[in-house]
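The opening position of the sequence shown corresponds to residue 4 in my numbering, with each subsequent residue numbered one higher.
This report concerns only the one structure given below.
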Amino acid sequence: MGMTSVNQAVIETLSEQIVAAYCGSGLPEGPARGKSRARLMDEVAHAIEESVGSRTLAEDGPERVNAVLADWEAQEGRSFGLRLIEIDPGRTVATMG
4 MGMTSVNQAV
14 IETLSEQIVA
24 AYCGSGLPEG
34 PARGKSRARL
44 MDEVAHAIEE
54 SVGSRTLAED
64 GPERVNAVLA
74 DWEAQEGRSF
84 GLRLIEIDPG
94 RTVATMG
């Protein structure tokens, strides 16, 4: 199944919301921040893409994204304390907490 431009726009918007909230909670400044943020953005987008078409994004998305966030924290060696609570694909809103 091919990705539609609507699906891609939703994935990009949701990924940006999640990464902005997550990185705003304490990612250190400096050159490494950009690379780290880009890597996280790719991983979050991939987790959301896996949920589109297989099951519903609202049901599967948070679990997949939270697994990515946990893995990313392990790689970074510290916890940011945020997890994805809900995805509303109809309004293109991600709720972190």
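Just so you know, even glycine gets a beta-carbon here, dropped at the ideal spot from N, CA and C.
Please state whether DSSP places Leu43 in a helix, a strand or coil. Against the sequence shown, residue 43 aligns to sequence position 40. Residue state, collapsed to three classes: helix.
Provide the residue(s) that pair with Ala110 in DSSP beta bridges, ordered along the chain. As shown, the chain starts at 4 and ends at 100. That puts residue 110 outside it, with no answer to give.
Give the single residue among Glu62, Ala50, Thr95 whose Cα lies nearest to the Cα of Ala73. Here residue 73 refers to the residue found at position 70 when the sequence shown is read from its first residue. The shortest Cα separation from Ala73 among Glu62, Ala50, Thr95 belongs to Ala50.
For the putative contact between Arg40 and Val22, defined by C-beta atoms under 8 Å, what is the C-beta separation to the nearest angstrom? Along the sequence shown, one-based indexing puts residue 40 at 37. Along the sequence shown, one-based indexing puts residue 22 at 19. About 6 Å; that satisfies the 8 Å criterion.
Supposed close pair Ser18, Ala61 - CB separation, criterion 8 Å: Along the sequence shown, one-based indexing puts residue 18 at 15. Along the sequence shown, one-based indexing puts residue 61 at 58. Rounded, the Cβ-Cβ distance is 15 Å, inconsistent with contact.
Thinking just about the alpha-carbon of each residue, which of Ala70, Glu15, Ser82, Asp63 is nearest to the one in Glu89? Taking the sequence shown and counting its residues from 1, one reaches residue 89 at position 86. If we check each option's Cα against that of Glu89, Asp63 comes out closest.
Please report the distance separating the alpha-carbon of Gln14 from that of Gly37. The count along the sequence shown starts at 1 and reaches residue 14 at position 11. The count along the sequence shown starts at 1 and reaches residue 37 at position 34. Correcting the residue type first, residue 14 is Ile in the shown sequence and not Gln. Rounded to whole angstroms, Ile14 to Gly37 spans 20 Å at the Cα level.
Under 8 Å, do Leu43 and Pro65 count as touching if we go by C-beta distance? Taking the sequence shown and counting its residues from 1, the one referred to as residue 43 is at position 40. Taking the sequence shown and counting its residues from 1, the one referred to as residue 65 is at position 62. Here Leu43 is not near Pro65, since their CB atoms are 8 Å or more apart.
Check Leu72 in the structure and name its three-state DSSP category. Along the sequence shown, one-based indexing puts residue 72 at 69. Note: Leu72 maps to helix in three-state DSSP.
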